[in-house]
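Q: Quick mapping for you: the protein sequence lines, in order, are chains A and B.
No gaps in the numbering here: position 28 of the first sequence is 28 in this note's numbering, and each next residue is one more.
No gaps in the numbering here: position 244 of the second sequence is 1244 in this note's numbering, and each next residue is one more.
For glycine and all other residues, C-beta sits at the position ideal for the given N, C-alpha and C.
Provided herewith is a single structure, encoded as structure tokens, for subsequent inquiry.
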Amino acid sequence: MSDYNFAYLDEQTKRMIRRAILKGLAVPGYQVPFASREMPMPYGWGTGGVQVSAAVLTPEDTFKVIDQGSDDTTNAVSIRKFFEKTADVAVTEATEAASVIQTRHRIPEAELSEDQILVYQVPIPEPLRFLEPRETETRKMHSLEEYGLMHVKLYEDISQHGAIATSYAYPVKVADRYVMDPSPIPKFDNPKLEMAAIQLFGAGREQRIYAVPPYTPVVSLDFEDYPFEATKADHPCDLCGAEDSYLDEVILDDAGNRMFVCSDSDYCRSRREAGHVGRLGVETAA
Amino acid sequence: MYVAVKGGERAIENAHAWLAEERRGDTSVAELSVAQIREQLALAVNRVMAEGSLYDPDLAALAIKQARGDLIEAIFLIRAYRTTLPRFGATRPVETGEMVCDRRISATFKDAPGGQVLGPTFDYTHRLLDFKLAAEGEVPEAPKADPRSESTPHITEFLQGEDIIQREPESEAVPGDLTRQPMSFPAGRDVRLQSLTRGDEGFILGMAYSTQRGYARNHAFVGELRIGTVAVEMEIPELGFAIEIGEVELTECETVNQFKGSKTEPPQFTRGYGLVFGQTERKAIAMALVDRALRWRELGEDFLGAAAQDEEFVLSHSDNIQATGFLEHIKLPHYVDFQSELELVRKLRREAGVDDEAREAAE
């Protein structure tokens, strides 16, 4: 890969992306159009996140990639290897050791700090897209702060199902101005969107970047009588016993037996190393 | 005991190794060379160059070989390579009126200066499998004629002389480039045409076909279809004049469309335009039809709600690299969002009492 520039993209492209990132940070939650490049991985597979990571990475950074909370899912492995090859950066699986974390569909369980950047891969950046397919219309709605349609949708959910029937990519309002799609994270993760780290969102195919600066208020949309509720499977982790982590359900056999394990593989591993043992776990600490 | 899924890295490496083996196929069969693909699968090469937006027959042939003949995958390889190339500048607009034509036909005039030249076309072949090809037969040499020495004028120029066809507005503006600027709507005809020429052949074909079947019908005559090579010239600042840096093969289609006039335009013929790399006439004709359908606003026509008239719909969905990437990404793990949906559906069912009823019914 020696023919390619540091972190693959040429410096002009990185400058263009950095300008979009800075604009995004200046106007929290606003979707900044950017001239997304064709990357050597397919659209829809994290090209937005990869371009944002390429623009923020420096040779001194330590990089972590998770998909569904795990460092070892195939696409996370693939993206991590891409930057090992093109940027020669140090990589880690430990959340607290990473300076840049690229993620798909999760926010790590461990609290992030001010010297970290969390980069999200975003498939459809427009929270209003499934209510109004036209970009020309949705941009207008954002500029006029016209979010009535979204509230009507949530209200109709309640009248039809008795609850807001959105369980991931749950819409939020950022800094009391823009309604934003937090990417398809489970709504369990929404309260974590107010954090110390910089959060950058990259949508490659849709050519949008947006951002949430540190300590920015992020409110999940709801109603007074139907308040937002962060939910997860009502179990502890079967490997580490954690009660506070988001869980994946795994089918064990054809008799309907299941187990629940932390989706954040680093969180689960560090708990087990600290001696926590769940229902089906085994002692791993020395 | 469940063991957290590990080993993604090795699985990927093994999958790549298997893929390489499958690509090569049976090793007792001779390997395809890039030159063979370039020469004998030229229309596939042309499609990859057109939709990959990079005129390089050797690289396109290599991409087809690497992609095992999957043309969209080959286009993807070319696109990903193309974005890494430095840009030295822009050429002058190519002069298709000076094209050295291999093929040039008009469906609107029986004959015209420059004549009707069929060229190497499938058009009047009977589609019968030629089993001789299976035996690798040699091809007899085709008869040759001397090429025209003078240039071949565009058919639409004759209509323009009579002022019976819509005039295209002249412009010195630098055309937009959707690979450098994010797409925004309304896009402008320059970006529309760029989007169409690199759009998926199947998609553009389907859109064009829909206009023929009555979804925003604008009956199109092929005023002219020409295929041939044109010189590519570039101004070199140090020299102060333009020099020819190479030539490219192009297919150009100009349609002449019925038009009864509108509130703003008198009755006249209108135009659609298609220009595509290589010998790609299906694509060029389809492009011209879709271009014409998208011009409704400029010509003061009504929006009939047809997909082919809808700029945002057409342009947002014509790119097969975007489309295939997003379509295929649903293969990636979605455990987390699926889990949250599972919890939600279980909760809603519990609250609706469905599970209780089902259990009672079972008992």
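Assuming residue 1220 of chain B contacts residue 1278 of chain B (C-beta within less than 8 Å), just tell me the rounded distance between them.
A: Not quite, the Cβ-Cβ distance comes to about 22 Å (not below 8 Å), so this is no contact.
Q: Let me know the beta strand (DSSP E) ranges lying completely inside the stretch 1224-1268 of chain B, each 3 residues or longer, listed in chain order.
A: 1241-1257
Q: Going along the chain, which residues of its own chain have a beta-carbon closer than 7 Å to the beta-carbon of residue 16 of chain A, five neighbours each way excluded?
A: 34 and 35
Q: Just how far apart, CA to CA, sit residue 1080 of chain B and residue 40 of chain A?
A: 5 Å
Q: On the criterion of 16 or more Cβ atoms from any shown chain inside 10 Å, does residue 1169 of chain B qualify as buried, or is it exposed?
A: exposed
Q: Using a Cβ-Cβ cut-off of 8 Å (strictly less than) and excluding sequence neighbours within five positions of residue 1001 of chain B, which residues of its own chain qualify?
A: At residue 1001 of chain B, the pLDDT of 35 sits below 50, so the modelled position is not reliable and the matter cannot be decided from this model.
Q: Counting only runs that start and end within the stretch 1012-1086 of chain B, where is the alpha helix (DSSP H) found for 4 or more residues in a row?
A: 1034-1040, 1042-1052, 1057-1066 and 1071-1082
Q: Can you tell me the Cβ-Cβ gap for residue 365 of chain A and residue 29 of chain A, rounded? I've got them flagged as a contact below 8 Å.
A: Given a span of 1 to 286 for chain A in the structure shown, any question on residue 365 of chain A remains unanswerable.
Q: For residue 1002 of chain B, which three-state DSSP category applies?
A: Note that residue 1002 of chain B scores 37 on pLDDT, short of 50, meaning its location in the model is unreliable; the coordinates nonetheless yield the value given after this. Residue state, collapsed to three classes: coil.
Q: Going straight from the alpha carbon of residue 1077 of chain B to that of residue 1046 of chain B, what length do you get?
A: 15 Å
Q: Using only alpha-carbon positions, find the residue among A/19, A/222 and A/31 that is nearest to residue 153 of chain A.
A: A/222
Q: Less than 7 Å separating the beta-carbons of residue 1114 of chain B and residue 1156 of chain B?
A: no
Q: For residue 75 of chain A, which residues in chain B fall below 7 Å Cβ to Cβ?
A: 1332
Q: Count the C-beta pairs between the stretch 1277-1291 of chain B and the stretch 1230-1238 of chain B that are closer than 8 Å, then say yes if the count reaches three, no if not.
A: Result no; under three Cβ-Cβ pairs closer than 8 Å.
Q: Please confirm whether residue 1174 of chain B has its beta-carbon closer than 7 Å to some beta-carbon of chain A.
A: no
Q: Return the CA-CA distance between residue 258 of chain A and residue 1009 of chain B, expressed in angstroms with no decimal places.
A: 26 Å
Q: Please report the distance separating the alpha-carbon of residue 146 of chain A from that of residue 1017 of chain B.
A: The C-alpha of residue 1017 of chain B is placed about 53 Å away from the C-alpha of residue 146 of chain A.
Q: In chain order, which beta strand (DSSP E) runs of at least 3 residues are fully inside the stretch 1093-1175 of chain B?
A: 1100-1105
Q: Give a single yes or no on whether residue 1193 of chain B has its beta carbon closer than 6 Å to a heavy atom of the ligand COA.
A: Annotation note on the ligand COA: not contained in the displayed structure, which lists no ligands.
Q: Closer than 8 Å is the cut-off here; do at least three beta carbon pairs connect the stretch 1285-1301 of chain B with the stretch 1263-1272 of chain B?
A: Flag = yes, the stretch 1285-1301 of chain B and the stretch 1263-1272 of chain B touch.
Q: As a quick exercise: from B/1111, B/1014, B/1340 and B/1021, pick the residue whose alpha carbon is nearest that of residue 230 of chain A.
A: B/1340
Q: Can residue 209 of chain A and residue 105 of chain A be called in contact, C-beta distance under 7 Å?
A: It is not a contact, given that the beta carbons lie outside the stated cut-off.
Q: Should the stretch 45-54 of chain A be regarded as contacting the stretch 196-207 of chain A, the criterion being three or more beta carbon pairs within less than 8 Å?
A: yes
Q: Helix or strand or just coil, what does DSSP make of residue 39 of chain A?
A: coil
Q: Which residues in the same chain as residue 166 of chain A place their Cβ atom closer than 8 Å to its Cβ, once the five residues preceding and following it in sequence are excluded?
A: 154, 157 and 187
Q: Interface residues of chain A around residue 1312 of chain B at Cβ under 7 Å?
A: 134, 135 and 136
Q: Between residue 65 of chain A and residue 76 of chain A, how many whole angstroms is the CB-CB distance? I'm expecting something under 8 Å.
A: 4 Å
Q: Leaving out five residues before and five after residue 79 of chain A in sequence, what residues of the same chain have Cβ atoms less than 7 Å from its Cβ?
A: 46, 50, 65 and 102
Q: Could you confirm whether any beta carbon from chain A is found closer than 7 Å to the beta carbon of residue 1017 of chain B?
A: False, the Cβ-Cβ gap to chain A never drops below 7 Å.
Q: In three-state terms, what does DSSP make of residue 122 of chain A?
A: In the structure shown, residue 122 of chain A sits in coil (DSSP, three-state: anything other than H, G, I, E or B).
Q: Please list, in chain order, the chain A residues whose beta carbon lies closer than 9 Å to that of residue 1011 of chain B.
A: 74 and 77
Q: Drop a sphere of 10 angstroms on the beta-carbon of residue 1283 of chain B, count the other beta-carbons inside from all chains shown, and report buried for 16 or more, exposed for fewer.
A: buried
Q: Rounded to whole angstroms, what is the Cα-Cα separation between residue 1242 of chain B and residue 87 of chain A?
A: Roughly 40 Å separates the two Cα atoms.
Q: Taking only the alpha-carbon atoms, compute the straight-line gap between residue 90 of chain A and residue 83 of chain A and give it to the nearest angstrom.
A: 9 Å
Q: Just to confirm, is the Cβ distance from residue 1335 of chain B to residue 68 of chain A under 7 Å?
A: yes
Q: Residue range of the beta strand (DSSP E) that residue 104 of chain A falls in?
A: 100-104
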